[in-house]
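4 protein chains.
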Amino acid sequence: MRRAMSEEEKEGRRAEILAAAKKVFARKGYHATTVAEIAKTAKLSYGSIYWYFDSKDALFHELMESEGQALRRHVTEALATPSPGAPDAPFRAAVRATFEFFESDRALVKLLFRDSYALGDRFEKHLFGIYEGFIGDIEEIVASAAQRGIVVDYPPRMVAFSVAALVGQIAHRRIVTDDGLPAAVVADFVVSLLLNGLLPR
Amino acid sequence: MRRAMSEEEKEGRRAEILAAAKKVFARKGYHATTVAEIAKTAKLSYGSIYWYFDSKDALFHELMESEGQALRRHVTEALATPSPGAPDAPFRAAVRATFEFFESDRALVKLLFRDSYALGDRFEKHLFGIYEGFIGDIEEIVASAAQRGIVVDYPPRMVAFSVAALVGQIAHRRIVTDDGLPAAVVADFVVSLLLNGLLPR
Amino acid sequence: MRRAMSEEEKEGRRAEILAAAKKVFARKGYHATTVAEIAKTAKLSYGSIYWYFDSKDALFHELMESEGQALRRHVTEALATPSPGAPDAPFRAAVRATFEFFESDRALVKLLFRDSYALGDRFEKHLFGIYEGFIGDIEEIVASAAQRGIVVDYPPRMVAFSVAALVGQIAHRRIVTDDGLPAAVVADFVVSLLLNGLLPR
Amino acid sequence: MRRAMSEEEKEGRRAEILAAAKKVFARKGYHATTVAEIAKTAKLSYGSIYWYFDSKDALFHELMESEGQALRRHVTEALATPSPGAPDAPFRAAVRATFEFFESDRALVKLLFRDSYALGDRFEKHLFGIYEGFIGDIEEIVASAAQRGIVVDYPPRMVAFSVAALVGQIAHRRIVTDDGLPAAVVADFVVSLLLNGLLPR
DNA sequence: AATGAATGAGGATTCATTCAT
DNA sequence: AATGAATGAATCCTCATTCAT
Chain A
717 MRRAMSEEEK
727 EGRRAEILAA
737 AKKVFARKGY
747 HATTVAEIAK
757 TAKLSYGSIY
767 WYFDSKDALF
777 HELMESEGQA
787 LRRHVTEALA
797 TPSPGAPDAP
807 FRAAVRATFE
817 FFESDRALVK
827 LLFRDSYALG
837 DRFEKHLFGI
847 YEGFIGDIEE
857 IVASAAQRGI
867 VVDYPPRMVA
877 FSVAALVGQI
887 AHRRIVTDDG
897 LPAAVVADFV
907 VSLLLNGLLP
917 R
Chain B
717 MRRAMSEEEK
727 EGRRAEILAA
737 AKKVFARKGY
747 HATTVAEIAK
757 TAKLSYGSIY
767 WYFDSKDALF
777 HELMESEGQA
787 LRRHVTEALA
797 TPSPGAPDAP
807 FRAAVRATFE
817 FFESDRALVK
827 LLFRDSYALG
837 DRFEKHLFGI
847 YEGFIGDIEE
857 IVASAAQRGI
867 VVDYPPRMVA
877 FSVAALVGQI
887 AHRRIVTDDG
897 LPAAVVADFV
907 VSLLLNGLLP
917 R
Chain C
717 MRRAMSEEEK
727 EGRRAEILAA
737 AKKVFARKGY
747 HATTVAEIAK
757 TAKLSYGSIY
767 WYFDSKDALF
777 HELMESEGQA
787 LRRHVTEALA
797 TPSPGAPDAP
807 FRAAVRATFE
817 FFESDRALVK
827 LLFRDSYALG
837 DRFEKHLFGI
847 YEGFIGDIEE
857 IVASAAQRGI
867 VVDYPPRMVA
877 FSVAALVGQI
887 AHRRIVTDDG
897 LPAAVVADFV
907 VSLLLNGLLP
917 R
Chain D
717 MRRAMSEEEK
727 EGRRAEILAA
737 AKKVFARKGY
747 HATTVAEIAK
757 TAKLSYGSIY
767 WYFDSKDALF
777 HELMESEGQA
787 LRRHVTEALA
797 TPSPGAPDAP
807 FRAAVRATFE
817 FFESDRALVK
827 LLFRDSYALG
837 DRFEKHLFGI
847 YEGFIGDIEE
857 IVASAAQRGI
867 VVDYPPRMVA
877 FSVAALVGQI
887 AHRRIVTDDG
897 LPAAVVADFV
907 VSLLLNGLLP
917 R
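Chains as they are written, first to last, in this note's numbering: chain A, 717 to 917; chain B, 717 to 917; chain C, 717 to 917; chain D, 717 to 917.
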């Protein structure tokens, strides 16, 4: 009989499984991923996954949740760094930070912009919970910018969603098709499109 | 029907099946859709589907193909209608036509912006064939606008993709979450964001 | 409305279908052969087979029957030709005729020595009806030879079966694997083995 | 059993499944046998078969392989036993051993001389690998006998095949039709036919 | 805690056969 | 007589989940 695992140990194991799952989901997509392969990648045996997670579904949900949080954390941190100069600087920084985060983590992009669609109704609600948190972060920036007249006066939630969607889609496309463009050019383009598009003329 | 069918009749039956499949796929998503349910929706028996299509996969591919073509046809037609006034009018018209087409066919949106991810590698290549056709149409407009100095000078394919992606994502979001906004407002917003974003200042 | 077919016409059609079936069964084996392919090979439409035959099974049975009769006819004719000389001449002739018939009709061999096993119990009884007829023909020769002291005194039915089986198996093997031997050598071998084996010392 | 199995235990379970499969295949033939029935016979649930074997096909292949090996082992052992007396004794012993093995295992005979034809091209190559091994064993005996002038000088592979085919066919016939003969008489007959047939006069 | 054998529901696909025309 | 669309039973295989050890 083995001794009880401490909470941290258990959390550590969970994190390992989540990391393995992320890798496999990203490579194969939700449906083509089997629990067996996640276990194998996590160097765990077949059924042990179920000691840490209730189901494949639950594992996926939790993965999405944690990835969503990581994304938010990253963007929030980027914004906390004071950006000098122009009044549109925070906005610019947020867009750039998001894009760069996506560029640095292709598996995340696959998860958010491909696999998140895999579960249909079963996930849609939950996904939107996560995603909406992120959108909400951006919304705040947008709203405050709008108040100061820096951004056109459209429903801020929609504006925020547009930002997230555009950055995400472009990042995803770059993974699937090779556009041959340097990341910097694409980042400039996205920032420029959104800034120009949203700043009042 | 148990007699020889003319080519048109046969095509008609195929179209019925495609329509049924579209309905079911849109409601449930690719994986949750069973061939049995498509058959039932098409008021056909199980195996008859296989008289008209080689497999569930093939049926899905063909559906995507035909939906992609319908989309392109719609946008192309909207552009053919001469739009009076400002030089950015064709561009504006294209964006609006796309958005309106999406608004008018929610199942199409589900198919293009959710189920198209369902097949993973098995479909990615084919999907991009279809989708890229559509992107290519937009690219032409963008490129010609860029030449005339109406649009900022960014890689036109990326610009085109951004347009398609943004319109699609916003339309999709409206289906999944109720944003409570009138279609006209959203259409204005999209057009404005893209036009302002892409026009040189 | 078409005029009634004469009996001969109908028989002709049946024969065409049987010929087509023989070709396809021989190429693919019973189970891998679909009724559709038989119809296609016979240049007939899908369901028409069922106007001439009750089922795939019945078609196969009838085919085997007619092939079995052809085989018997051939061997009987060969024996009717008076063979001069040695008293073992008729026996020799029968073996040779059988082998040559097999060499000349590879599809027949596939049918008799491969596909006849395909139906399991469903066919075993019937097959043995056919096959036993052929064995019976040989048995007569064997029995009369035995009476005249030309052949060893073993149960004639078993002797007859051995002859048929050996010739058949060797012919079959030549089709499946290329033994590189001229037919004449193989024929000599078979005749020699059987004759020596069965003649009293 | 829901605990880790040792390698031997696992092999044991595989062997149980193979035994169950042998029984069912022999009774029904390859195509009429369902995986469900094999599972039931092995007192396992449906999907468990797939824990041990990749497919029905693979199971069948492996079964044939192991049966082929058992056959060869048996004949080889019989030959290893020194047989006294006449120089043709080893040959006589081999034929007898083969026949007796067939008599003692009717399922084996069904498998080798009926079901081996069931898979068509999909199996022909593999079957011949197995069968040819067996033929090869006999060939060696034949070739050495031929060198010593004990056996007529015909292509030894063909001679070997003839031996195997004749013994097999006769054994198979005895299973399907009741010839009413004691095994000893049939064994004598086969040995006598082959020996006389193959010894030089 | 961990293992991996066992389970069985679920779903795609094939194809002989039927039958309206 | 002939057609070929329609039917649906039959079966293989996958894989999430359970559970004895």
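Where is the CB? At the ideal position from N, CA and C, for every residue including glycine.
Keep in mind it's a predicted model, so treat the numbers as computed, not measured.
Please state the DSSP three-state secondary structure of residue i.
{"i": "Met717 of chain C", "result": "Below a pLDDT of 50, predicted positions are generally treated as unreliable, and Met717 of chain C, at 43, falls in that range; no measurement from the model is reported."}
{"i": "Tyr762 of chain C", "result": "helix"}
{"i": "Ile866 of chain A", "result": "coil"}
{"i": "Ala834 of chain A", "result": "coil"}
{"i": "Ser722 of chain B", "result": "coil"}
{"i": "Ala748 of chain B", "result": "coil"}
{"i": "Pro871 of chain D", "result": "coil"}
{"i": "Ser799 of chain B", "result": "coil"}
{"i": "Phe839 of chain C", "result": "helix"}
{"i": "Phe769 of chain C", "result": "coil"}
Do you know how far the Cα of residue j is from the Cα of residue i?
{"i": "Val892 of chain B", "j": "Ser782 of chain A", "result": "22 Å"}
{"i": "Ala834 of chain B", "j": "Asp773 of chain A", "result": "16 Å"}
{"i": "Thr792 of chain D", "j": "Ala881 of chain D", "result": "18 Å"}
{"i": "Gly849 of chain B", "j": "Val907 of chain A", "result": "26 Å"}
{"i": "Phe807 of chain C", "j": "Val858 of chain C", "result": "7 Å"}
{"i": "Met717 of chain C", "j": "Gly784 of chain C", "result": "Note that Met717 of chain C scores a pLDDT of 43, beneath 50, so its modelled location is shaky; the value from the coordinates is reported in the next line. Going from the Cα of Met717 of chain C to the Cα of Gly784 of chain C covers about 38 Å."}
{"i": "Ala810 of chain B", "j": "Ile765 of chain A", "result": "50 Å"}
{"i": "Ala903 of chain A", "j": "Leu795 of chain A", "result": "17 Å"}
{"i": "Leu843 of chain D", "j": "Phe829 of chain B", "result": "50 Å"}
{"i": "Pro871 of chain A", "j": "Asn912 of chain B", "result": "17 Å"}
{"i": "Asp837 of chain D", "j": "Tyr762 of chain D", "result": "27 Å"}
{"i": "Arg822 of chain B", "j": "His888 of chain B", "result": "8 Å"}
{"i": "Glu727 of chain A", "j": "Ala752 of chain B", "result": "43 Å"}
{"i": "Ser820 of chain A", "j": "Lys759 of chain D", "result": "53 Å"}
{"i": "Phe815 of chain D", "j": "Lys826 of chain D", "result": "14 Å"}
{"i": "Ile733 of chain B", "j": "Thr750 of chain B", "result": "13 Å"}
{"i": "Ile866 of chain C", "j": "Ala802 of chain C", "result": "10 Å"}
Residue i touches chain A at which residues, Cβ-Cβ below 8 Å?
{"i": "Ile886 of chain B", "result": "Met874, Phe877, Ser878 and Ala881"}
{"i": "Arg889 of chain B", "result": "Phe877 and Ala881"}
Just reading off the alpha helix (DSSP H) that residue i is part of, what are its end residues?
{"i": "Thr814 of chain B", "result": "Ala805 to Ser820"}
{"i": "Phe776 of chain C", "result": "Lys772 to Ala796"}
{"i": "Leu897 of chain D", "result": "Note, Leu897 of chain D: premise wrong, no alpha helix (DSSP H); not H, not E."}
Whose Cβ in chain C lies nearer than 8 Å to the Cβ of residue i?
{"i": "Val892 of chain D", "result": "Glu840 and Phe844"}
{"i": "Phe902 of chain D", "result": "Just to set this straight, residue 902 of chain D is Val in the shown sequence, not Phe. Chain C residues near Val902 of chain D: Met874."}
{"i": "Phe850 of chain D", "result": "Those do not exist, as Phe850 of chain D stays about 13 Å from chain C at its closest Cβ, beyond 8 Å."}
For residue i, return the contacting residues in chain D, with the cut-off set at a CB-CB distance below 9 Å.
{"i": "Lys923 of chain C", "result": "Nothing in the structure corresponds to residue 923 of chain C, since chain C is present only between 717 and 917."}
Which residues in chain C sit within 9 Å of residue i, going by Cβ to Cβ distance?
{"i": "Leu827 of chain D", "result": "Going along chain C, no residue has its Cβ under 9 Å from Leu827 of chain D, so there is no contact; the nearest lies around 11 Å."}
{"i": "Phe905 of chain D", "result": "Val868, Tyr870, Pro871, Met874, Val875 and Ser878"}
Which bits of chain A does residue i rub up against, with CB to CB less than 7 Å?
{"i": "Pro871 of chain B", "result": "Leu897"}
{"i": "Gly913 of chain B", "result": "Leu909, Leu910, Asn912 and Gly913"}
Which chain D residues are close to residue i, counting only those with a beta carbon under 7 Å from its beta carbon?
{"i": "Tyr833 of chain C", "result": "Arg830 and Tyr833"}
Kindly list, in the order they appear in chain B, the residues whose Cβ is closer than 8 Å to that of residue i.
{"i": "Ala748 of chain A", "result": "Gly836"}
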